[in-house]
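Trainee: Residue numbers (UniProt numbering), protein chains in the order written: chain U, 1 to 350; chain A, 1 to 310.
I have a structure I would like to understand better, so I am pasting it below and will then ask my questions one at a time.
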Amino acid sequence: MTADAPSAAAVKAAAPAVRGPRARTGTRYLRYGAGKVGGAAVSLLAVLVTGFFLFRLIPGDPVKTMTGGRPISEEQLAAYRREFGLDLPLWEQFTDYCGKALTGDLGTSYQFRAPVIDKISEALPNTLLLTGTAFVLYTVLGIVLGTRSAWRHGGLGDRLNTGLALTLYSIPSFWLGLLLIIVFSVGIGPIPGLFPTGGMESGSEEGFAYVLDVAHHLILPVVTLVAVEYGQTLLVARSALLDEMGSDYLTTARAKGLRDDLVRRRHAVPNALLPTVTLVFVNLGRTVAGVILVETVFSWPGLGGLFYQALSVPDLPLVQGLFLFFAAAVIVMNTLADLVYPLLDPRVGR
Amino acid sequence: MTTETAKGDAGARTAGPRALARQRRRQSVVRFWKQYRTHRAGLAGLIALALFALLALTAPLTFGSDVAGVTGAPGQPMESPSAEFPLGTDRFGRDLLGLLVWGSRVSLLVGLLAAALSVAIGTTVGITAGHFKGAYATVLMRITDWFLVMPTLVLAIALATVLPRSLGTVVLAIGVTSWPTTARLVRAQTLAVESRPYIERAKALGGGHWHVMSRHVLPNVMPLVLAQTTLMISSSILAEATLAFLGVSDPNVVSWGGLLQDAREAGAVSSGNWWYLVPPGIAIAVVALAFTLCGRAVESVLNPRLGVGR
Numbered sequence: 001m002t003a004d005a006p007s008a009a010a011v012k013a014a015a016p017a018v019r020g021p022r023a024r025t026g027t028r029y030l031r032y033g034a035g036k037v038g039g040a041a042v043s044l045l046a047v048l049v050t051g052f053f054l055f056r057l058i059p060g061d062p063v064k065t066m067t068g069g070r071p072i073s074e075e076q077l078a079a080y081r082r083e084f085g086l087d088l089p090l091w092e093q094f095t096d097y098c099g100k101a102l103t104g105d106l107g108t109s110y111q112f113r114a115p116v117i118d119k120i121s122e123a124l125p126n127t128l129l130l131t132g133t134a135f136v137l138y139t140v141l142g143i144v145l146g147t148r149s150a151w152r153h154g155g156l157g158d159r160l161n162t163g164l165a166l167t168l169y170s171i172p173s174f175w176l177g178l179l180l181i182i183v184f185s186v187g188i189g190p191i192p193g194l195f196p197t198g199g200m201e202s203g204s205e206e207g208f209a210y211v212l213d214v215a216h217h218l219i220l221p222v223v224t225l226v227a228v229e230y231g232q233t234l235l236v237a238r239s240a241l242l243d244e245m246g247s248d249y250l251t252t253a254r255a256k257g258l259r260d261d262l263v264r265r266r267h268a269v270p271n272a273l274l275p276t277v278t279l280v281f282v283n284l285g286r287t288v289a290g291v292i293l294v295e296t297v298f299s300w301p302g303l304g305g306l307f308y309q310a311l312s313v314p315d316l317p318l319v320q321g322l323f324l325f326f327a328a329a330v331i332v333m334n335t336l337a338d339l340v341y342p343l344l345d346p347r348v349g350r
Numbered sequence: 001m002t003t004e005t006a007k008g009d010a011g012a013r014t015a016g017p018r019a020l021a022r023q024r025r026r027q028s029v030v031r032f033w034k035q036y037r038t039h040r041a042g043l044a045g046l047i048a049l050a051l052f053a054l055l056a057l058t059a060p061l062t063f064g065s066d067v068a069g070v071t072g073a074p075g076q077p078m079e080s081p082s083a084e085f086p087l088g089t090d091r092f093g094r095d096l097l098g099l100l101v102w103g104s105r106v107s108l109l110v111g112l113l114a115a116a117l118s119v120a121i122g123t124t125v126g127i128t129a130g131h132f133k134g135a136y137a138t139v140l141m142r143i144t145d146w147f148l149v150m151p152t153l154v155l156a157i158a159l160a161t162v163l164p165r166s167l168g169t170v171v172l173a174i175g176v177t178s179w180p181t182t183a184r185l186v187r188a189q190t191l192a193v194e195s196r197p198y199i200e201r202a203k204a205l206g207g208g209h210w211h212v213m214s215r216h217v218l219p220n221v222m223p224l225v226l227a228q229t230t231l232m233i234s235s236s237i238l239a240e241a242t243l244a245f246l247g248v249s250d251p252n253v254v255s256w257g258g259l260l261q262d263a264r265e266a267g268a269v270s271s272g273n274w275w276y277l278v279p280p281g282i283a284i285a286v287v288a289l290a291f292t293l294c295g296r297a298v299e300s301v302l303n304p305r306l307g308v309g310r
């Protein structure tokens, strides 16, 4: 990605066929990209350090927390200490932990007796399926509804749209999920149970039927996630477009006789889209929260469900590993968005 | 309006600077309220909040203080709504209506405290980062950006897991993870305020950092902070419910999120006992929405860019 990006920018800038600006745009982008990647590296390091100290320096013995206060013999305590490397001095633990984390070794889950990284890679595809589907849907829905709302701001449609988005935004996602399960899976009154109550598959299907089965299980979790997340995108897209509304270029576009619909689609929305996309990525951290809750409620076998299982023990190595993973994933996604951004918007990164 | 202006003029002639300042402040509050009143949604939010506050404060009078006791619960476990128990009973036979009203105390209290902590951190970081520019501000804003991108709920959960289970932990976990938006907003406003000439005048007259920040910048960012606090309360209440639902809050305290967690554990979902689940969720949503509506109304009164002007 990083290697391809500058050439793409250069190709775009090369249209006027002048050599100078072309080279300059490339270097500029490289400098911008290097800055972003460097910043991300610092952030990742900060996550690593936070992960270490959060789970070690905070009051209480990690082993005691791990065993949940159950009575435990001295030998067992010592055995646990050795197993999790807690008998070493703190700085040695830290270097050990950093080295291991960088090679992908996140320790051993206390609960599953399996490497944390294995548990994560098992659950990751399921989470990507759920989150990816929901992410695309709520971003598109939020942008479409938000820009429409802003274009006719103050009107009935705008008020209804914003009101609904705000209401859904104020609803706890887990509660909405539980209600959907009661209404559509368990069935209430005349409504029969239409969807499965949880999980990802019935287990008996194969081939195409398997795909349909997973899709059937996917509907309610995705609906829940989209419902609680699209409001944020809607509000951001709405205010981004409202910022553009008074601009001179829109007056010009209208003055040259463009239809209102085209002024919106061709001129206003593309300009409002860019800040929206940035914020969509900044808000990914919030989406992680939604994913954890929705997966918990629907027993979806993904990272969020795993996090909940880890919490209820509490299985500290797994909680720590997932903490590192979630934080790193969000930082990497944001950096990718930062790197793609100037290719979409020539005003950025100069 | 005209009579007030006349009064203000009269005050300027007769009273000292302090009285004058007080009068101006009172006038701006009146002006604020006049504009706030025109926002119907904000007004509805305010009324809803007043009702909930009343319910929460009078809980010991309306329902005795022993609703949360598991022993000697008044009803049978999992009763449907009836005349005696309008919302039914929970898995121990406790009155759900009473639990709901008592739960409002915890949800509101944690929401308010966590929001206060978060806004206090955010305001301090924002003002100092805007006032002391240079390396200090750069480092501080880097940290802010880091927190802004982080999945804060995961961080809060991690904090709540390793700290002892108590309401204080929940307040701390929400407060220390949710301040970055406030910090960014306050810093932007601080930069705008500090570029005005009267700050230069204050510095020329010998005003130190503390004087400028506390006497000139803080009063000017206060309206923004107020709006931000209202919005933060809403998200703190949601965060509290989430933490309680995930079981990392104090298990001995009755809160709305805790009630939902109880309901799920008691199998209310699979047996279709919607009456166990619906009221706490509605309560959370209504209070969170009410705070959001108030916050947005305050924001649009104070922010001339949204077209309401002063």
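Every residue gets a Cβ at the ideal spot worked out from N, C-alpha and C, and that includes glycine.
Source: prediction; values computed, not measured.
Can you give me, in chain order, the residues of the stretch 263 to 277 of chain A that have a beta carbon less than 7 Å from any beta carbon in chain U?
Mentor: Arg264, Val269, Ser270, Gly272, Trp274 and Leu277
Trainee: If you check the beta carbons only, do residue 377/U and valine 297/U fall under 8 Å apart?
Mentor: Given a span of 1 to 350 for chain U in the structure shown, any question on residue 377/U remains unanswerable.
Trainee: What did DSSP end up calling alanine 171/U once you bin it into helix, strand or coil?
Mentor: A quick correction: the sequence has isoleucine, not alanine, at residue 171/U. In the structure shown, isoleucine 171/U sits in coil (DSSP, three-state: anything other than H, G, I, E or B).
Trainee: Give the residues from the stretch 159 to 186 of chain A that approach chain U closer than 8 Å (Cβ to any Cβ), ordered along the chain.
Mentor: Interface annotation for the stretch 159 to 186 of chain A against chain U: Leu159, Thr161, Val162, Leu163 and Pro164, criterion Cβ-Cβ distance under 8 Å.
Trainee: Consult DSSP for aspartate 105/U and reduce its assignment to one of helix, strand or coil.
Mentor: coil
Trainee: Just to confirm the assignment, what range does the alpha helix (DSSP H) spanning glutamine 76/A have?
Mentor: Premise fails: glutamine 76/A is in no alpha helix (DSSP H) and is neither H nor E.
Trainee: Figure out for me which residue from Phe195/U, Ala272/U and Ile188/U has the closest Cα to the Cα of leucine 212/U.
Mentor: Phe195/U
Trainee: When you compare only the Cα positions, how much space is there between alanine 283/A and tryptophan 256/A?
Mentor: Distance between the alpha carbons of alanine 283/A and tryptophan 256/A is about 8 Å.
Trainee: Could you tell me the alpha carbon to alpha carbon distance between methionine 245/U and leucine 284/U, rounded to whole angstroms?
Mentor: 27 Å
Trainee: Hey, how far is the Cα of proline 317/U from the Cα of serine 73/U?
Mentor: 21 Å
Trainee: List the DSSP bridge partners of aspartate 145/A.
Mentor: Paired residues: none, contrary to the question.
Trainee: Between the Cα of threonine 197/U and those of Val228/U, Met333/U, Ile331/U and Trp300/U, spot the shortest distance and give me the residue it belongs to.
Mentor: Trp300/U
Trainee: Does any residue of chain U have a CB that is nearer than 8 Å to the CB of threonine 152/A?
Mentor: For threonine 152/A, the answer is yes, since a Cβ of chain U falls inside 8 Å of its Cβ.
Trainee: Contact criterion: CB-CB distance below 8 Å. Does isoleucine 284/A meet it with respect to chain U?
Mentor: yes
Trainee: Taking 8 Å as the CB-CB limit, is valine 149/A close to chain U?
Mentor: yes
Trainee: Give the residues of chain D in contact with phenylalanine 245/A, contact being defined as C-beta atoms less than 7 Å apart.
Mentor: No chain D is part of this structure, whose protein chains are labelled U and A.
Trainee: Going by DSSP, what residues sit across from threonine 131/U in a beta bridge?
Mentor: None; threonine 131/U has no bridge partner.
Trainee: Where does residue 313/A land, buried or exposed, given buried means 16+ other C-beta within 10 angstroms?
Mentor: With chain A represented from 1 up to 310, any question about residue 313/A goes unanswered, as that position is not in the structure.
Trainee: Determine the contact status of valine 212/A and alanine 202/A, defining contact as a CB-CB distance below 8 Å.
Mentor: yes
Trainee: Just to make sure I have the definition right: I need the residues of chain A whose C-beta is within less than 8 Å of the C-beta of proline 314/U. Which are they?
Mentor: Thr161
Trainee: So, are the CB atoms of glycine 146/U and valine 37/U less than 8 Å apart?
Mentor: no
Trainee: Taking only beta-carbon positions, decide if valine 285/U is within less than 8 Å of chain A.
Mentor: Residue identity differs from the one stated: residue 285/U is glycine in this sequence, not valine. Chain A, which has a Cβ nearer than 8 Å to the Cβ of glycine 285/U, makes this yes.
Trainee: Rounded to whole angstroms, how far is the Cβ of leucine 124/U from the Cβ of leucine 303/U, which I believe are closer than 8 Å?
Mentor: 6 Å
Trainee: Less than 8 Å between the CB atoms is what I'm expecting for alanine 285/A and serine 234/A, so what's the real figure, rounded?
Mentor: 10 Å between Cβ atoms; not a contact.
Trainee: According to DSSP, simplified to helix, strand and coil, what is threonine 197/U?
Mentor: coil
Trainee: Compare the C-beta of valine 308/A with all C-beta atoms of chain U and state if any pair is closer than 8 Å.
Mentor: Below a pLDDT of 50, predicted positions are generally treated as unreliable, and valine 308/A, at 34, falls in that range; no measurement from the model is reported.
Trainee: Assign glycine 16/A to one of two classes, buried (16 or more other C-beta atoms within 10 Å of its C-beta) or exposed (fewer than that).
Mentor: Glycine 16/A counts as exposed, since fewer than 16 other beta carbons sit within 10 angstroms of its beta carbon.
Trainee: Quick test of your reading: tyrosine 276/A and leucine 96/A, contact by CB under 8 Å. State the CB separation rounded to the nearest angstrom.
Mentor: About 7 Å separates the Cβ atoms of tyrosine 276/A and leucine 96/A, confirming a contact at the 8 Å cut-off.
Trainee: Please classify cysteine 294/A: does DSSP put it in a helix, a strand, or coil?
Mentor: In the displayed model, cysteine 294/A falls within a helix according to three-state DSSP.
Trainee: Could I get the ranges of all uninterrupted beta strand (DSSP E) runs contained in the stretch 19 to 56 of chain U, with 3 residues as the minimum, in chain order?
Mentor: none
Trainee: What is the DSSP secondary structure of aspartate 90/A, counted as helix, strand or coil?
Mentor: Note: aspartate 90/A maps to coil in three-state DSSP.
Trainee: Hey, how far is the Cα of valine 136/U from the Cα of threonine 103/U?
Mentor: 32 Å
Trainee: For asparagine 334/U, which residues in chain A fall below 7 Å Cβ to Cβ?
Mentor: Val149
Trainee: Checking the sheet assignment: what are the DSSP bridge partners for aspartate 262/A?
Mentor: Answer is none; aspartate 262/A lacks a bridge partner.
Trainee: My understanding is that valine 319/U touches alanine 310/U, with C-beta atoms under 8 Å, so please give their C-beta distance in whole angstroms.
Mentor: Your pair valine 319/U and alanine 310/U checks out as a contact, with CB atoms roughly 5 Å apart and the cut at 8 Å.
Trainee: Could you please give me the residues that DSSP links to aspartate 95/A through a beta bridge?
Mentor: Thr89/A
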